[in-house]
Amino acid sequence: MLTIIATASLVAGSHVRSADSVIGAVLRDGLLGSAVIQRLVDVIDDSNVIVYLARGNCPRPAIACAMVAGGGPDVRYIRINFRLPLGLGKPGVQRKAELSVAIAHELQHAVEIVGWPDVVDSATMYAAYTRSGLDRGGDHLDTDAAIRAGDERRAELRRRRH
Ligand SMILES: [Zn+2]
């Protein structure tokens, strides 16, 4: 964890960070040009949650997944893994768009965790989703709000292309 803290810094002071050049570039685009991503990052910046975006594995078929990487009452860490490259075989622009959509979706999950101060590890995260009636069964935890955040980001990108 300390290694990641020392090396990961995208926007000085922001709680949403990535040391990955591809993910970092798409996050930066979102911070500059996406109302959806700006709104989510604002909520996270005002909280005790630090979010790291990184390449990594997720249970299939998920292309991205959020997990609580530890913490306590003062600071909590969320790691969001992205299975890159996303959408293999698609043109680069579309691949970046899908990554941005996935970032918006997963940041909404981080915002949900911001709202649950008791969530400090995977067990308490699972309990919070279950208690909130958001557990959809099996290993798949998802929320309408996260799906909506991704859809809104996709709509933004579509508007920009026309
Ligand atoms: Zn989700």
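Heads up, the sequence shown is in the numbering used here, so the first residue is 116 and it goes up one at a time.
Ideal placement from N, C-alpha and C gives every residue a C-beta, glycine not left out.
Mind reading off the beta-carbon distance from residue i to residue j? Whole number of angstroms is fine, and I expect it under 8 Å.
i, j, result
"R194", "A169", "6 Å"
"S149", "R268", "6 Å"
Among residues of its own chain, excluding the 5 on either side of residue i, which ones have a beta-carbon nearer than 8 Å to its beta-carbon?
i, result
"A121", "Because the pLDDT at A121 is just 41, under 50, the model does not fix this residue reliably, and the value given afterwards should be weighed accordingly. Cβ within range, chain order: n/a, list empty."
"H130", "V156, I159, D160, S162, V164, I165, V166"
"A264", "V151, L155, A219, H220, L222, Q223"
"I138", "L168, A169, R170, F197, L199, L214, I218"
"V208", "none"
"Q153", "G145, L146"
"C180", "C173, P174, I195, N196, E221"
"G187", "V235"
Quick one: what's residue i bridged to in DSSP?
i, result
"V166", "V131, I193"
"C180", "N196"
"G64", "With the chain covering only 116 through 277, there is no way to say anything about residue 64."
"G207", "According to DSSP, G207 bridges with nothing at all."
"G186", "R191"
In chain order, what residues of the same chain have a beta carbon less than 7 Å from the beta carbon of residue i, not counting five sequence neighbours either side?
i, result
"I228", "V164, V183, I193, V234, M240"
"S237", "M182, V183"
Short of 6 Å in beta carbon distance, which residues of its chain neighbour residue i, apart from the five on each side in sequence? Order them along the chain.
i, result
"D141", "The question names Asp, but residue 141 in the sequence shown is Val. Only K211, L214, S215 meet the Cβ criterion."
"L272", "A212"
Taking only the alpha-carbon atoms, compute the straight-line gap between residue i and residue j and give it to the nearest angstrom.
i, j, result
"W231", "S247", "10 Å"
"G145", "G185", "26 Å"
"D266", "L147", "19 Å"
"D135", "R143", "12 Å"
"T258", "R191", "21 Å"
"I178", "D189", "30 Å"
"A225", "P174", "18 Å"
Under 6 Å, CB to any heavy atom of ligand 1. Which residues pass, going along the chain?
H220, H224, D257, A261
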